[in-house]
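Here the structure comes first, spelled out in structure tokens, and everything after it is commentary.
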Amino acid sequence: MRPESSLEQMYRRRASGGWRARLRRVLEPPAPYVMNPDEPKDYPLGRWNLYIGGAGRLVKGYVNLDLCEVPGVDVVADAERLPFGTGTFQRVECDAVLEHVRNPAQVMAEIDRVLAPGGYSHLVTPFCHPFHEYPKDYRRFTLDGLKELAGPMEVVAEGWRTGPTATVLVVVIEYVKLLLPFALWRMLAHWVLGWLLFPLRYLDLLLLRSPRANRIGNHCYLWLRKPVGQAGSRL
Ligand SMILES: C[S@@+](CC[C@H](N)C(=O)[O-])C[C@H]1O[C@@H](n2cnc3c(N)ncnc32)[C@H](O)[C@@H]1O
947 MRPESSLEQM YRRRASGGWR ARLRRVLEPP APYVMNPDEP KDYPLGRWNL YIGGAGRLVK
1007 GYVNLDLCEV PGVDVVADAE RLPFGTGTFQ RVECDAVLEH VRNPAQVMAE IDRVLAPGGY
1067 SHLVTPFCHP FHEYPKDYRR FTLDGLKELA GPMEVVAEGW RTGPTATVLV VVIEYVKLLL
1127 PFALWRMLAH WVLGWLLFPL RYLDLLLLRS PRANRIGNHC YLWLRKPVGQ AGSRL
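Offset between the sequence shown (1-based) and my numbering: plus 946.
Put into structure tokens, the structure is as follows:
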């Protein structure tokens, strides 16, 4: 049998019903970000939809593909080689994954290939965000960089999902943890600062309206549509 990767162990620990995991879930502070209410969500789902990198999540209505073999994942595969035929899906979600793949252009070519003409793809990527390995962390993206990757797909919406305050809060929490030598202290700092600072996240509801939010934005998004005249892969 294949040994579990450390990422698989982490997802199993998080989902476990044991008392430690349950205590962790109770103490876990609210996220230090709010989602941009202006980000569109209503592009249509089809009969077949693909969610790339959904380990640790229940993604109803999607085929959930990830490198990790954990409950909830339907297909274990690398996004650089999607094991599906051309034009299979009406929608492809790729949320916080492109920074973790070796070759994002290859993943985009695969998304383009498996999307049906007229289908939609949703990309979300970090810009100002701390290093986080799932299982590696290779890069950050601006909206311009993400649009370069989109290739022949049509950009139908773009913007910032999480804003400058989210950036400041995650960096402050990481900075304080950096000063602490013991894992238990770092865990306490994560809880205490997380609970104390999270109300500040609502400032982003204001700041996300600024055209300058992109200077220290946290995560950006693109909605892409595959043109109807384009049947196959661009490779
Ligand atoms: C930061 S998590 C994002 C999880 C989810 N989208 C969310 O927002 O909560 C990144 C996920 O992408 C997966 N991943 C990383 N590289 C991948 C690849 N080459 N192919 C498929 N999945 C990958 C990781 O295993 C991990 O579950």
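Every residue, glycine too, gets a C-beta built ideally from N, C-alpha and C.
These numbers were taken from a predicted model, which means no experiment stands behind them.
Proximity below 9 Å, CB of residue i to CB of residue j
| i | j | result |
| --- | --- | --- |
| P975 | F1087 | no |
| A1159 | G1109 | yes |
| G992 | V1019 | no |
| T1183 | Y957 | There is simply no residue 1183 to check, as the chain begins at 947 and stops at 1181 in what is shown. |
| H1046 | H1165 | no |
| V1021 | V1009 | yes |
| A967 | R1147 | no |
| E937 | R959 | There is no way to answer for residue 937, as the model of the chain reaches only from 947 to 1181. |
| N982 | L1154 | yes |
| F1073 | G1163 | yes |
| R1107 | V1053 | no |
| L1089 | G1105 | yes |
| L1013 | W1137 | no |
Closer than 8 Å: residue i CB and nearest ligand 1 heavy atom
| i | result |
| --- | --- |
| I998 | yes |
| P986 | no |
| P1081 | yes |
| V1060 | no |
| L953 | yes |
| E1026 | yes |
| C1014 | yes |
| V1007 | Checking the displayed sequence, the identity of residue 1007 turns out to be Gly instead of Val. No, the beta carbon of G1007 sits no closer than 8 Å to any heavy atom of ligand 1. |
| H1075 | no |
| A1042 | yes |
| H1068 | no |
| G1018 | no |
| R1107 | no |
| H1136 | no |
| R1048 | yes |
| L1011 | yes |
| A1023 | yes |
| V1053 | yes |
| R1003 | yes |
Close beta carbons around residue i, own chain, < 7 Å, minus the five adjacent residues each side
| i | result |
| --- | --- |
| V1122 | A1135, L1139 |
| N1049 | E1026 |
| P986 | A1103, W1169 |
| V1101 | K1093, L1168, L1170 |
| V1005 | Y997 |
| L1149 | T1111 |
Close-in-space but distant-in-sequence residues of the same chain around residue i (CB under 6 Å, 5 per side omitted)
| i | result |
| --- | --- |
| A1096 | L1170 |
| E1056 | L1028 |
| I998 | L1011, A1025, C1040, V1043 |
| E1120 | P1076 |
Sequence-distant residues of the same chain with beta carbon closer than 8 Å to residue i, five excluded per side
| i | result |
| --- | --- |
| P1017 | A961 |
| L1181 | Low confidence applies here, because L1181 scores a pLDDT of 45, under 50, leaving its location unreliable; read the following figure in that light. Cβ within range, chain order: A1055, R1059. |
| H1068 | Y989, R1037, V1038, E1039, C1040, D1041, Y1167, L1168, W1169, L1170 |
| S952 | P1081 |
| G1007 | L991, N995 |
| R1161 | P1110 |
| L1151 | V980, P983 |
Starting from the N-terminal side, write out each stretch of the alpha helix (DSSP H) that is 4 residues or longer and does not extend beyond the segment 1013 to 1083.
-> Complete alpha helix (DSSP H) runs here, min 4: 1050 to 1060.
Would the segment 1029 to 1038 and the segment 1070 to 1081 be scored as touching if the rule is three or more Cβ pairs under 8 Å?
-> no
Any alpha helix (DSSP H) of 4 or more consecutive residues that is wholly inside the segment 1108 to 1155 = Listed in chain order, the complete alpha helix (DSSP H) runs (minimum 4 residues) inside the segment 1108 to 1155 are 1110 to 1124, 1129 to 1143, 1150 to 1153.
Contiguous alpha helix (DSSP H) assignments of at least 4 residues, all confined to the segment 964 to 994 | 965 to 973
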